[in-house]
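Student: Top line first, the protein sequences correspond to chains A, B and C.
Counting with our numbering, you get residues 8 to 308 for the letters of the first sequence.
Counting with our numbering, you get residues 132 to 412 for the letters of the second sequence.
Counting with our numbering, you get residues 2 to 360 for the letters of the third sequence.
All C-beta atoms in this analysis are idealised placements derived from N, C-alpha and C, irrespective of residue type, glycine included.
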Amino acid sequence: MTAVVAQDEFFAAAGPRPRRVSAARIGVYCFLIGAALFFALPLYVMVVTSLKDLGEIRLGNIFNWPAELTFEPWIAAWSSACTGRTCEGIRPGFFNSIKITVPSVILSIIIAAINGYALSFWRFRGANFFFGLLIFGAFVPYQVVIYPLIIFMREVGLFATLPGIIIVHTIFGMPILTLLYRNYFSSLPEELFKAARVDGAGFWAIFFRVVMPMAVPISIVAVILQVTGIWNDFLFGLVFAGRDNMPMTVQLNNIVATTTGTRAYNVNMSATILTAAVPLAVYFISGRWFVRGIAAGAVKG
Amino acid sequence: MIAVGVGLYVVGIGYSVALSFTNSKLLPKFDTFVGLANYDRLWSTGRWLISVENIWLFGLLSIALNMLLGFLLAAFMDRRVRYEDTFRTILLYPYAMSLIVTGLVWQWMMDPGLGIQSAMQNWGFAGFSFAPLTNPDTAIFGVVIAGVWQGTGVTMAILLAGLRGIDEDIWKAARVDGIPTWRTYVFIALPMLRGALATAFVLQAVSVVRVYDLIVGLTGGGPGIATEMPAKFVIDHITNRVNVSLGMAAATMMLLPIILLIGINLFIDWRRKAVAMRAAT
Amino acid sequence: MAQVKINKLGVSFGALQVLSDLDIEIEGGEFVVLLGPSGCGKSTLLNAIAGLLDVSDGQIWIDGRNVTWEEPKDRGIGMVFQSYALYPRMTVEGNLSFGLKMARVPKAEIARRINAAAELLHIDKLMKRRPSELSGGQRQRVAIGRALVRDVRVYLFDEPLSNLDAALRTELRVELKRLHQELSNSTMIYVTHDQVEALTLADRIAVMHGGIIQQFDKPRNIYHRPGNLFVAGFVGSPKMNFLDGRIEERSGERAFVSDEVTQPLNGYAFAGNVRSGTPAKLGIRPEHVRIDPDQGMYDADVELVEPMGAETVVWCNAVGHTISLRLEGDVALEGQKRLRISFPGERLNLFDAASGVRL
Ligand SMILES: Nc1ncnc2c1ncn2[C@@H]1O[C@H](COP(=O)(O)OP(=O)(O)O)[C@@H](O)[C@H]1O
Ligand SMILES: [Mg+2]
Numbered sequence: 008m009t010a011v012v013a014q015d016e017f018f019a020a021a022g023p024r025p026r027r028v029s030a031a032r033i034g035v036y037c038f039l040i041g042a043a044l045f046f047a048l049p050l051y052v053m054v055v056t057s058l059k060d061l062g063e064i065r066l067g068n069i070f071n072w073p074a075e076l077t078f079e080p081w082i083a084a085w086s087s088a089c090t091g092r093t094c095e096g097i098r099p100g101f102f103n104s105i106k107i108t109v110p111s112v113i114l115s116i117i118i119a120a121i122n123g124y125a126l127s128f129w130r131f132r133g134a135n136f137f138f139g140l141l142i143f144g145a146f147v148p149y150q151v152v153i154y155p156l157i158i159f160m161r162e163v164g165l166f167a168t169l170p171g172i173i174i175v176h177t178i179f180g181m182p183i184l185t186l187l188y189r190n191y192f193s194s195l196p197e198e199l200f201k202a203a204r205v206d207g208a209g210f211w212a213i214f215f216r217v218v219m220p221m222a223v224p225i226s227i228v229a230v231i232l233q234v235t236g237i238w239n240d241f242l243f244g245l246v247f248a249g250r251d252n253m254p255m256t257v258q259l260n261n262i263v264a265t266t267t268g269t270r271a272y273n274v275n276m277s278a279t280i281l282t283a284a285v286p287l288a289v290y291f292i293s294g295r296w297f298v299r300g301i302a303a304g305a306v307k308g
Numbered sequence: 132m133i134a135v136g137v138g139l140y141v142v143g144i145g146y147s148v149a150l151s152f153t154n155s156k157l158l159p160k161f162d163t164f165v166g167l168a169n170y171d172r173l174w175s176t177g178r179w180l181i182s183v184e185n186i187w188l189f190g191l192l193s194i195a196l197n198m199l200l201g202f203l204l205a206a207f208m209d210r211r212v213r214y215e216d217t218f219r220t221i222l223l224y225p226y227a228m229s230l231i232v233t234g235l236v237w238q239w240m241m242d243p244g245l246g247i248q249s250a251m252q253n254w255g256f257a258g259f260s261f262a263p264l265t266n267p268d269t270a271i272f273g274v275v276i277a278g279v280w281q282g283t284g285v286t287m288a289i290l291l292a293g294l295r296g297i298d299e300d301i302w303k304a305a306r307v308d309g310i311p312t313w314r315t316y317v318f319i320a321l322p323m324l325r326g327a328l329a330t331a332f333v334l335q336a337v338s339v340v341r342v343y344d345l346i347v348g349l350t351g352g353g354p355g356i357a358t359e360m361p362a363k364f365v366i367d368h369i370t371n372r373v374n375v376s377l378g379m380a381a382a383t384m385m386l387l388p389i390i391l392l393i394g395i396n397l398f399i400d401w402r403r404k405a406v407a408m409r410a411a412t
Numbered sequence: 002m003a004q005v006k007i008n009k010l011g012v013s014f015g016a017l018q019v020l021s022d023l024d025i026e027i028e029g030g031e032f033v034v035l036l037g038p039s040g041c042g043k044s045t046l047l048n049a050i051a052g053l054l055d056v057s058d059g060q061i062w063i064d065g066r067n068v069t070w071e072e073p074k075d076r077g078i079g080m081v082f083q084s085y086a087l088y089p090r091m092t093v094e095g096n097l098s099f100g101l102k103m104a105r106v107p108k109a110e111i112a113r114r115i116n117a118a119a120e121l122l123h124i125d126k127l128m129k130r131r132p133s134e135l136s137g138g139q140r141q142r143v144a145i146g147r148a149l150v151r152d153v154r155v156y157l158f159d160e161p162l163s164n165l166d167a168a169l170r171t172e173l174r175v176e177l178k179r180l181h182q183e184l185s186n187s188t189m190i191y192v193t194h195d196q197v198e199a200l201t202l203a204d205r206i207a208v209m210h211g212g213i214i215q216q217f218d219k220p221r222n223i224y225h226r227p228g229n230l231f232v233a234g235f236v237g238s239p240k241m242n243f244l245d246g247r248i249e250e251r252s253g254e255r256a257f258v259s260d261e262v263t264q265p266l267n268g269y270a271f272a273g274n275v276r277s278g279t280p281a282k283l284g285i286r287p288e289h290v291r292i293d294p295d296q297g298m299y300d301a302d303v304e305l306v307e308p309m310g311a312e313t314v315v316w317c318n319a320v321g322h323t324i325s326l327r328l329e330g331d332v333a334l335e336g337q338k339r340l341r342i343s344f345p346g347e348r349l350n351l352f353d354a355a356s357g358v359r360l
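1) Where does the unbroken beta strand (DSSP E) through residue 360 (chain B) begin, and where does it stop?
2) Sorted by chain position, which residues of the same chain lie with C-beta nearer than 6 Å to residue 297 (chain C)'s C-beta, five sequence neighbours on each side aside?
3) For chain C, check one thing: does any of its Cβ atoms lie closer than 8 Å to the Cβ of residue 9 (chain A)?
4) Would a C-beta distance cut-off of 8 Å place residue 288 (chain A) and residue 188 (chain A) closer than the cut-off?
5) Does the distance from the C-beta atom of residue 24 (chain C) to that of residue 11 (chain C) stay below 8 Å?
6) What is the chain-ordered set of residues for which the beta carbon lies under 5 Å from any non-hydrogen atom of ligand 4?
7) Of all Cβ atoms in chain C, is any one closer than 8 Å to the Cβ of residue 27 (chain A)?
8) Distance check for residue 288 (chain B) and residue 219 (chain B), CA to CA, integer angstroms please.
9) Secondary structure at residue 299 (chain B), three-state DSSP: helix, strand or coil?
10) Can you tell which of B:256, B:230, B:405, B:360 has its C-alpha closest to the C-alpha of residue 344 (chain B)?
11) Which residues of the stretch 308-319 of chain B have a Cβ closer than 8 Å to any Cβ of chain C? Give them in chain order.
12) Give the DSSP-derived three-state secondary structure of residue 165 (chain B) in the structure shown.
13) Run through the stretch 189-219 of chain C for me and flag every whole alpha helix (DSSP H) of 4 or more residues, listed as ranges in chain order.
14) Using a Cβ cut-off of 8 Å, pull out every chain B residue sitting near residue 57 (chain C), in sequence order please.
15) Would you be able to state if there are at least three C-beta pairs under 8 Å between the stretch 207-225 of chain B and the stretch 245-260 of chain B?
16) If you scan the stretch 229-264 of chain B from start to end, which runs of the alpha helix (DSSP H) of 4 or more residues do you find wholly inside it?
17) Compute the Euclidean distance between the alpha carbons of residue 185 (chain A) and residue 144 (chain A), then round it to the nearest angstrom.
18) Tell me residue 10 (chain C)'s beta-bridge partners as DSSP assigns them.
19) Ordered along the chain, which non-local residues of its own chain (more than five positions away) have a Cβ less than 7 Å from that of residue 151 (chain B)?
20) Counting C-beta neighbours from all protein chains within 10 Å, is the total for residue 33 (chain A) 16 or more, i.e. buried, or is it exposed?
21) Checking contacts by CB at 8 Å: is residue 69 (chain C) closer than that to chain A?
22) In chain A, what lies closer than 9 Å to residue 154 (chain B) by C-beta?
23) For residue 217 (chain B) and residue 111 (chain C), I'd like the C-alpha separation in whole angstroms.
24) Residue 394 (chain B) CB to nearest chain A CB: under 8 Å?
25) Could you check if residue 14 (chain A) is buried or exposed, using at least 16 other CB atoms within 10 Å of its CB as the buried criterion?
26) Quick one: residues in its chain with C-beta nearer than 7 Å to the C-beta of residue 53 (chain A), no 5 flanking neighbours on either side, listed in chain order?
27) From A:102, A:252, A:46, A:163, pick the residue whose C-alpha is nearest to that of residue 233 (chain B); which is it?
28) For a cutoff of 8 Å on Cβ pairs, would you count residue 306 (chain A) as touching chain C?
29) Do residue 284 (chain B) and residue 223 (chain B) count as a contact pair if the criterion is CB distance below 8 Å?
30) Between the stretch 128-144 of chain A and chain B, which residues of the former have CB atoms less than 9 Å from a CB of the latter, in chain order?
31) Anything in chain A within Cβ reach of residue 170 (chain B), meaning under 7 Å, just list it in chain order.
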């Protein structure tokens with residue numbers, strides 16, 4: 008009897024379960040790889056197209072690796088592609104975008120941080136009402152406020168100027184950023200503010216000494232959100248920036264839309280990649296922070 | 132400062148709405164009020180009607196596809212796959228790019244002569260046809276594809292974060308109960324993701340209402356006016372077509388879905404609080 | 002009666018080997034508590050029994066079946082979690098019935114089992130509510146109910162009471178005990194870090210530390226005859242008092258000797274032979290230190306008195322150590338700065354200083 012049991016035990020299951028690759032597992036990977044291909048394909052096409060010469064492009068093999076690598080399109084896109092009026096490539100747009108993005112990001116974040124802090128520091132009556140309006144502001148279609156803003160900018164003489172477009176970006180970034188900071192600051196323990204007050208710190212002292220040092224993570228998120236958002240903006244740049252300050256996206260659209268002579272698809276794709284390069288770099292560098300930015304930008308109320 | 136900022140929004144919106152009741156053409160004029168005449172005209176303008184139809188079609192299709200694909204991807208990513216970071220990076224990068232860029236790339240991919248269609252035909256699939264943008268009846272589906280491509284990664288990321296937030300013990304309990312994995316996702320996890328789903332939905336809905344750059348980059352509203360959208364209608368009317376009051380009437384109409392959305396949100400909030408109150412007593 | 006038998010079990014997370022070569026044999030119908038500090042591997046062991054994680058070594062037998070490679074649902078177990086792990090968007094009824102529906106149990110049978118469990122746990126009035134509309138105690142009852150309806154022989158509990166407040170914890174503890182008596186042929190394995198729970202609930206306690214079962218024995222033995230230093234120190238509050246010294250044999254009489262004490266050991270039941278001169282630790286529980294004004298052996302200077310109602314704990318400075326005494330609740334010590342105390346030989350615990358094993 009005991010011998011039988013011992014034998015049974017000897018042959019029975021022991022140790023780790025033998026790994027079998029299940030059909031479900033293969034399905035999961037197939038689906039993910041298929042999806043990854045669908046998502047990666049356009050980037051691949053952009054890159055290979057930008058490295059081909061026009062003759063090869065006309066063969067219509069969009070997926071093929073370039074038979075002969077050429078960097079001419081990149082150079083053309085950067086410095087000599089035509090936008091109907093001028094033939095300076097996308098370079099001016101690049102520098103315009105920098106001139107627009109940097110001050111807009113800094114300005115909007117500073118103001119939003121103070122706003123958010125004020126909203127959570129003074130829980131005044133009506134703060135909830137303001138909060139509701141902010142959410143509303145974050146969701147309102149731009150089209151509803153864009154015209155009055157044009158009129159206003161014209162009145163104060165800032166329409167089609169660099170300061171004008173910077174102010175516009177700051178205004179439109181305000182609701183979402185204020186919400187971001189308000190939510191973050193309200194999640195800090197209230198005791199922190201109380202303790203600082205007991206220590207005799209005032210509104211600004213608390214802001215600079217206590218709150219801002221703790222707001223570094225959320226500020227990184229805000230920077231990512233704003234840099235990509237403003238760089239990628241098309242509408243405001245088109246409407247408010249004026250001819251001399253056209254951001255890269257507008258310039259890109261102009262280059263592509265210009266149909267004098269043959270369409271230089273390779274140059275267009277090079278210009279497209281160049282335009283996407285900055286936000287893509289931000290994305291690849293920031294990694295998980297980017298995801299956090301999206302989640303934060305999606306406003307949880 | 133906040134008060135000023137918020138005030139600006141409110142004044143701006145009020146101004147726009149007020150303009151929609153005037154007959155302003157090139158410049159805002161408040162001397163002649165025409166009541167709802169602009170709205171009458173708007174709703175008998177073919178271009179606007181097509182825009183409205185388009186945004187419904189585009190919105191319903193792209194959001195449905197986006198949420199479905201986003202949830203599937205999130206659920207699969209949640210299955211402890213290898214190279215999760217790589218997958219996530221690939222699925223999400225389109226969201227980092229401008230919608231203008233998205234539009235231009237897909238325009239190129241869907242080019243009838245040189246895009247995917249011709250590549251496939253050159254590879255021997257002679258009957259392969261994929262050039263939705265050339266046909267007014269299918270162009271909107273081309274827009275949907277580009278929109279889904281751009282926005283699905285975000286939905287996936289939001290839902291994945293939601294899935295990761297679910298208590299580990301729930302999964303264990305479901306395994307002990309013998310509930311198949313896919314059923315656990317559908318019947319247990321999905322209902323728990325309401326918050327994340329709402330977030331993703333709102334994000335998509337807002338970007339649908341705002342859709343402008345994508346159209347400009349991808350189709351320019353064409354062929355003809357087959358892919359016009361309300362947002363583009365408004366901008367065109369205040370920039371090129373010098374009919375501000377009609378544009379503002381359209382803008383006011385665009386405000387409605389957002390108000391509706393916020394209304395629903397407030398209602399859900401209110402109900403949740405009511406339930407919480409009931410539980411507390 | 003479902004016996005649970007673990008053979009040479011090993012579990013590791015990547016490079017971290019949490020359990021290795023672990024053996025334990027649990028009788029059918031027994032209530033066994035796994036007790037140990039947090040992080041010692043209790044949950045890991047329980048999850049391995051449940052089949053919720055892959056083992057790297059060894060075997061698990063339940064009810065005479067080798068279930069090492071089986072899915073949790075096929076092992077004949079039910080499990081209750083610390084965080085309740087109720088399905089939040091389902092009613093109580095849904096929570097109880099979902100697993101059964103998946104297993105295609107007939108409707109009438111499902112209803113019967115749910116009614117039985119609901120009655121046993123007094124949750125029949127809550128059937129239509131969602132978990133969010135329940136109190137903590139009610140949630141845990143539902144979670145227990147969900148395990149009960151599976152109609153199995155082995156129930157696993159992972160710190161089921163830790164999220165409850167003190168009063169509820171006591172209440173549910175009593176109920177669990179009652180439950181085990183009513184389901185007399187079901188085996189229960191219960192994880193906790195709370196020694197009171199362990200001592201009150203268990204037929205046998207397995208004290209764990211560092212992934213190793215230190216002692217597996219009846220509660221009274223765990224408390225009164227701890228098998229090693231860890232068990233002695235972990236169980237009991239205030240902790241057992243320890244003195245360092247050595248065992249010496251003088252004219253046939255053995256004694257525990259240190260700089261401050263010479264403690265005769267008559268009355269102490271040695272577990273085996275002990276060489277004279279063996280370095281040792283002497284342990285005595287606070288309630289076993291005797292105040293003895295006439296025959297006490299050591300002076301104790303009172304430092305602190307903590308009246309706790311039912312008992313009073315006195316902290317003294319004696320024999321070069323801080324020694325705690327547990328006395329009656331109404332003991333009056335006012336003014337007494339110095340006590341005479343003694344350590345009764347039959348109440349002592351001696352451990353090998355090097356290995357920690359009971360002598
Ligand atoms: N999934 C896991 N991955 C890595 N380490 C783990 C995991 N689960 C538990 N551990 C480690 O195993 C040890 C034992 O954990 P656990 O069994 O949960 O302890 P207990 O339940 O006794 O508090 C701990 O050191 C813990 O950090
Ligand atoms: Mg544990």
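Tutor: Looking at the atomic coordinates:
1) Premise fails: residue 360 (chain B) is in no beta strand (DSSP E) and is neither H nor E.
2) The beta carbon of residue 297 (chain C) sits closer than 6 Å to those of 341, 342, 343, all from its chain and outside the five residues before and after it, given in chain order.
3) Only weak support exists for where residue 9 (chain A) lies, its pLDDT of 41 falling under 50; the value from the coordinates is given anyway. The beta carbon of residue 9 (chain A) sits no closer than 8 Å to any beta carbon of chain C.
4) For the pair residue 288 (chain A) and residue 188 (chain A), the CB atoms are not nearer than the 8 Å cut-off.
5) For residue 24 (chain C) and residue 11 (chain C), no; Cβs fall outside 8 Å.
6) Ligand 4 is absent from the structure shown, which contains only ligand 1 and ligand 2.
7) At a cut-off of 8 Å, the C-beta of residue 27 (chain A) has no neighbouring C-beta in chain C.
8) Between residue 219 (chain B) and residue 288 (chain B), the alpha-carbon positions lie close to 8 Å from each other.
9) Helix, per DSSP.
10) Closest by alpha carbon: B:230.
11) Cβ contacts with chain C: 308, 309, 310, 311, 314, 318, 319.
12) Coil at residue 165 (chain B), not helix or strand.
13) The stretch 189-219 of chain C contains these whole alpha helix (DSSP H) runs: 196-202.
14) Ordered by position in chain B, no residue passes the 8 Å Cβ test against residue 57 (chain C), which lies about 17 Å from the chain.
15) No: the two stretches stay apart, fewer than three of their Cβ pairs being nearer than 8 Å.
16) Within the stretch 229-264 of chain B, the complete alpha helix (DSSP H) runs of at least 4 residues are 230-240, 247-253.
17) Those two C-alpha atoms are separated by around 11 Å.
18) Residue 10 (chain C) is bridged to C:23.
19) Scanning its chain for C-beta atoms nearer than 7 Å, with the 5 sequence neighbours on each side dropped, one finds around residue 151 (chain B) the residues 169, 376, 379, 380, 383, in chain order.
20) So residue 33 (chain A) ends up on the exposed side.
21) Proximity of residue 69 (chain C) to chain A, defined by a Cβ-Cβ separation below 8 Å, is satisfied.
22) Those do not exist, as residue 154 (chain B) stays about 15 Å from chain A at its closest Cβ, beyond 9 Å.
23) Distance between the alpha carbons of residue 217 (chain B) and residue 111 (chain C) is about 46 Å.
24) Interface annotation, residue 394 (chain B): not in contact with chain A, CB-CB separation never under 8 Å.
25) Low local confidence applies: a pLDDT of 47 at residue 14 (chain A) is under 50, so the model's placement there is unreliable, with the coordinate-based value given in what follows. Answer is exposed; the Cβ neighbour count stays below 16.
26) Excluding sequence neighbours, residue 53 (chain A) sits near 276, 279, 280.
27) Just measuring C-alpha positions, the residue of A:102, A:252, A:46, A:163 sitting nearest residue 233 (chain B) is A:46.
28) Low local confidence applies: a pLDDT of 49 at residue 306 (chain A) is under 50, so the model's placement there is unreliable, with the coordinate-based value given in what follows. By this cut-off, residue 306 (chain A) is not an interface position.
29) In contact: residue 223 (chain B) and residue 284 (chain B) (Cβ atoms closer than 8 Å).
30) Using a CB distance below 9 Å, the part of the stretch 128-144 of chain A facing chain B consists of 137, 139, 140, 141, 142, 143, 144, ordered along the chain.
31) Under the 7 Å cutoff, chain A gives no residues; its nearest Cβ is about 15 Å from residue 170 (chain B).
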